[in-house]
Amino acid sequence: MRIAVPAELDPAETRIAATPETVKKFIGLGATVVIEAGAGGHAGYPDADFAAAGASLAATRAETLSDADVVLQVRRPDGTSLSGVKAGAAVIAIMDPYGHEGAIGAIAKAGVHAFAMEFMPRITRAQVMDVLSSQANLAGYRAVIDASSEFGRGIPMMMTAAGTVPAAKIFIMGVGVAGLQAIATARRLGGIVTATDVRPATKEQVESLGAKFVAVEDDEFKQAETSGGYAKEMSKDYQAKQAALVASHIAKQDIVITTALIPGRPAPRLVTADMIASMKPGSVLIDLAVERGGNVEGAVANEIVTTANGVKIVGSSNVTKLAATASALYARNLFAFVETLVDKETKALAPKWDDELVKATLLTRDGAIVHPNLLPKEPAAA
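Residue numbers (the working numbering): 476 to 857.
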């Protein structure tokens with residue numbers, strides 16, 4: 476079994492899908508591993524470290540992918556970049572398929588079996604493969620660090636001979652993995668932290684971290700969570716009530732971090748221009764959902780926008796700033812998944828097509844798109 480790890484195509488992507496640690500583990504499974512030269516440089520993994528771990532180095536992408544049984548990437552490749560990959564190879568990455576069905580179709584035409592790591596089911600045996608959690612955890616941490624860097628004041632309360640410096644007020648919107656890590660980090664820095672989410676189960680989690688929960692807690696709120704643990708889309712009436720509460724709260728905050736995403740949908744708009752206009756000059760907004768349209772009105776991916784009233788809106792893909800750690804966690808997620816696809820006796824790639832992990836993550840097979848969420852919806856019966 477030959478495992479290929481090419482360099483990422485997006486120049487802004489600094490992570491890599493393997494590390495020397497996982498290379499050794501793959502070799503332990505009986506695989507050979509080929510790394511495209513220079514692929515790990517931005518993440519702090521030089522070619523020499525991969526060679527020392529037992530990987531071969533290839534000078535070009537084509538050489539890397541030649542005869543590969545498994546291709547590991549961080550972001551979705553395009554159909555053209557898979558030229559030369561043999562039919563039936565497994566291509567595993569964060570595929571971001573929603574709204575990019577054409578790109579997934581091109582991958583299908585390449586004849587490969589494409590797996591989306593972000594579709595991994597949230598079950599006990601798949602926890603070690605959960606890329607959304609491993610990357611979101613770092614995103615939440617980095618969001619607070621970025622906010623403190625952009626905020627022109629201190630975060631903790633400081634009592635000095637010259638007087639007392641008040642603690643910064645930090646509001647976290649969306650209490651998933653990223654939000655919880657943001658709360659914990661902001662608390663460690665000494666901020667006064669509040670948080671909101673439409674899922675009732677998060678209230679206890681927020682309070683357990685020493686933050687205050689802010690939400691309209693009516694009957695709809697009590698039912699606002701899917702069986703998979705994701706937030707449901709709320710009614711217009713609830714959204715209006717929650718927006719009014721949030722608007723009055725945001726006006727008093729120094730830092731706001733938004734993390735809300737709904738799978739398969741554009742990011743919900745949580746912070747409007749009117750809310751931003753009510754904030755104090757020097758306040759900072761960090762939008763972690765900017766790549767899916769953003770939670771904050773006016774947020775721009777990979778840019779810092781300063782509004783007329785002096786509020787900074789930061790729309791950055793901040794996990795790439797922690798490339799070494801993010802790569803290490805992502806690579807372990809990938810190894811744990813690939814291990815389930817390998818026949819231990821023959822040491823060959825042998826996916827079990829009826830396995831729930833495979834069924835949940837498989838996007839393309841035998842030249843066609845097969846994931847039910849990406850297939851055309853049948854018209855309702857008359």
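The C-beta atom is built at its ideal place from N, Cα and C for all residues, glycine as well. All values derive from a computational prediction rather than experimental measurement.
Straight-line gap, residue i to residue j (C-alpha atoms, nearest Å)
i	j	result
arginine 550	alanine 562	20 Å
glutamine 717	proline 756	24 Å
alanine 827	threonine 815	At residue 827 the sequence reads lysine, which differs from the alanine that was named. The straight-line gap from Cα to Cα measures roughly 9 Å.
threonine 539	leucine 850	32 Å
serine 541	glycine 586	15 Å
valine 789	lysine 500	38 Å
valine 640	aspartate 729	14 Å
valine 603	valine 813	12 Å
phenylalanine 696	serine 623	32 Å
alanine 637	leucine 760	29 Å
arginine 536	asparagine 848	31 Å
leucine 832	valine 731	36 Å
threonine 734	aspartate 762	7 Å
serine 556	arginine 597	31 Å
Proximity to residue i [Cα-Cα], best of the options
i	options	result
alanine 748	Glu778, Gly785 and Leu613	Gly785
serine 792	Phe810, Leu804 and Gly768	Gly768
leucine 797	Ala518, Val603, Gln717 and Leu720	Ala518
valine 689	Leu540, Ser723, Arg662 and Leu664	Ser723
alanine 591	Gly577, Ala578 and Ala568	Ala568
glycine 513	Phe501, Met633 and Pro481	Pro481
leucine 613	Gly666, Ala783 and Gly651	Gly651
aspartate 830	Gly654, Asp524 and Met595	Met595
alanine 618	Ala811, Ala764, Pro486 and Pro741	Ala764
valine 771	Val845, Gly505, Ala543 and Ile751	Ile751
glycine 516	Val775, Leu832, Gly580 and Ala492	Ala492
isoleucine 478	Ala530, Asp524 and Tyr520	Ala530
leucine 824	Asp524, Ala526, Ile502 and Ala565	Ala565
lysine 819	Ala534, Thr677, Ile647 and Gly503	Gly503
Where residue i falls: helix, strand or coil (DSSP)
i	result
glutamate 488	coil
isoleucine 751	helix
methionine 476	coil
phenylalanine 688	strand
glycine 615	helix
serine 852	The question names serine, but residue 852 in the sequence shown is lysine. Correct three-state label for lysine 852: coil.
aspartate 693	coil
alanine 601	helix
isoleucine 567	strand
alanine 807	It is arginine, not alanine, that sits at residue 807 in the sequence shown. DSSP places arginine 807 in helix when its eight states are reduced to three.
isoleucine 761	strand
isoleucine 582	helix
alanine 742	coil
proline 675	coil
leucine 557	helix
arginine 550	strand
Opening and closing residue of the alpha helix (DSSP H) in which residue i lies
i	result
leucine 720	711 to 725
valine 833	831 to 836
isoleucine 658	652 to 663
threonine 432	Residue 432 lies beyond the range of the chain shown here (476 to 857); nothing can be said about it.
Beta-ladder partner(s) of residue i, from DSSP
i	result
valine 587	Valine 587 pairs with nothing; no bridge assigned.
isoleucine 647	Ala670 and Ile732
glutamate 511	Ala533
aspartate 818	Ala823
methionine 633	Val640
glycine 790	Glu778
valine 771	Val746
valine 545	Ile478 and Ala565
is_contact[residue i, chain D] using C-beta, thresh 9 Å
i	result
lysine 727	Here there is only one protein chain, and chain D is not present.
Start and end residues, beta strand (DSSP E) containing residue i
i	result
serine 531	531 to 533
valine 926	Within the shown structure, residues of the chain are numbered from 476 to 857, placing residue 926 beyond reach of any answer.
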